[in-house]
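For reference, the structure is listed below as structure tokens.
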Amino acid sequence: MNKVAFLFPGQGAQAVGMGKEIYETYEIARKFFDRACELVDFDMKKLCFDGPLEELVLTEYTQPCLIAVELMILQVLINQGFKADICAGLSLGEYSALVAADALNAYDAIKLVRKRG
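To convert, note that position 2 of the sequence shown is 117 in the numbering used here; the numbers rise steadily by one, no gaps.
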């Protein structure tokens, strides 16, 4: 009886360079993240991958960046055949959990979180 859970962290888990290796490794990740970057009014890819940390830690940027990276990784996992039996998220991570549970569209989540931040 194996069960799979997807757990998503909240604000505070962000780090410069987050998601870069996944982005560079998987085409599905690049497609998803490039589209996600079009939804915000700042250079999310540069901020996530290169910083500066002082800007990344600002709530208005942290929230869409972290969600976009979490959802990019989720796309890779789904593409690899993983499916969650249960999803949970801490605070901001709840949005990613809702996407993983098919209760919210990934791109809508990024737009919502941009407003939230």
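Here a beta-carbon is modelled for each residue, glycine too, at the ideal position from N, C-alpha and C.
Since this is a predicted model, take the numbers as computed values, not measurements.
Boundaries of the alpha helix (DSSP H) in which residue i is found, first to last residue
i	result
Gly208	208–215
Leu171	168–171
Ala224	221–231
Nonlocal neighbours in the same chain, by C-beta distance under 6 Å from residue i, ignoring five residues either side
i	result
Ala203	Leu122, Ala212
Glu185	Phe123, Ser211
Met133	Cys163, Val184
Whole-Å CB distance - residue i paired with residue j, under 8 Å assumed
i	j	result
Leu207	Ile182	7 Å
Phe157	Tyr176	7 Å
Beta-carbon proximity check, residue i vs residue j, cutoff 8 Å
i	j	result
Asp200	Ala120	yes
Ile143	Asn220	no
Pro167	Gly232	no
Arg150	Tyr222	yes
Residue i - containing beta strand (DSSP E), residue span
i	result
Leu154	Counting along the chain, Leu154 falls outside any beta strand (DSSP E), and DSSP gives it neither H nor E.
Close-in-space but distant-in-sequence residues of the same chain around residue i (CB under 7 Å, 5 per side omitted)
i	result
Ala128	Leu181
Which runs of the beta strand (DSSP E) at least 3 residues long sit entirely within the stretch 181–210? Give them in chain order. DSSP runs (the beta strand (DSSP E)) wholly in the stretch 181–210: 201–204.
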